[in-house]
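**Q**
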Amino acid sequence: MEQTILSVAGKPGLYKLVSRGNMKLIVEALDGTKHRIPVFATDRITSLSDITMFTESEDLPLLTILGRLRDKEGGKECSINWRKASPKELQDYFASFVPDFDRDRVHNSDIKKLLQWYNILVKAGVTDFEDKEPENADNVEAEKAEPSAEEK
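Be aware that the sequence shown starts at 28, since it is given in my numbering, and climbs by one per residue.
(1) Starting from residue 102, trace the beta strand (DSSP E) both ways and give me its first and last residue.
(2) Does DSSP put residue 48 in a helix, a strand or coil?
(3) Excluding sequence positions up to five away, which residues of its chain have a Cβ less than 6 angstroms from the Cβ of residue 132?
(4) Note down, in chain order, each residue of its chain lying with its Cβ closer than 6 angstroms to the Cβ of residue 151, except the 5 sequence neighbours on either side.
(5) Note the first and the last residue of the continuous alpha helix (DSSP H) segment covering residue 142.
(6) Quick check on DSSP: helix, strand or coil for residue 121?
(7) Taking residue 63 as part of the beta strand (DSSP E), name the residues at either end of that continuous run.
(8) So is residue 130 buried or exposed if we call it buried at 16+ other beta carbons inside 10 Å?
(9) Pair every Cβ in the stretch 114-124 with every Cβ in the stretch 37-48, then say whether three or more of these pairs are closer than 8 angstroms.
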C-alpha cells in the first residue's frame, strides 16, 4: 500500500495515486466510481502511511490500527454501524483492538473517519495494510559489510 492511498482535505473518501503531472497528481476515487481528479500543490494531501493515532504510550501508525481492525473483523467490513453508534459504543469498539488509545485526544469523529476509511478500503479490495520491507534486507546489508573470501 505504501504511499499510494491518499486523503485529500476537503474531499470525502480516499484516493489512489494514479499518475504524477506537472505541478499536480492524478488520483482515482476508491469509492467504486473510479472518478479521476487532479489534486494540486495547494491541496492538503496526506498519505495514510503518514497518519498516526494517539495512545497512552506512543503514537500508533494508522496502518497498524487498520491491520488490527482487519484481524478483528476477519477482512470484512465493520460490524458496527459507525454512523448511528453512540459515542460510548464507538469508544468501546475502538478499545477492543486499540485498548490503550488516548481517550482525551482521540475524538469520536476520528474513530468514525477510521471506520469509514476501513470500509472504503475493504470494498476496494485493499486489505494489506502493513508496509512491506524488502525480503532479506538484513542479509543484504550484512553481505555488504563483510568482505567476501575473494576480497580477503
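The beta carbon of each residue, even a glycine, is placed where N, CA and C say it ideally should be.
**A** In this structure, then:
(1) For residue 102, no beta strand (DSSP E) run applies, since DSSP gives it neither H nor E.
(2) Three-state DSSP puts residue 48 in a strand.
(3) Correct list, in chain order: 81.
(4) The residues are 57.
(5) Counting along the chain, the alpha helix (DSSP H) containing residue 142 begins and ends at 135-150.
(6) Annotated three-state conformation of residue 121 is helix, per DSSP.
(7) Unbroken beta strand (DSSP E) run through residue 63: 63-67.
(8) Residue environment: residue 130 is assigned as exposed (fewer than 16 neighbouring CB atoms within 10 Å of its CB, all protein chains considered).
(9) Touching, no.
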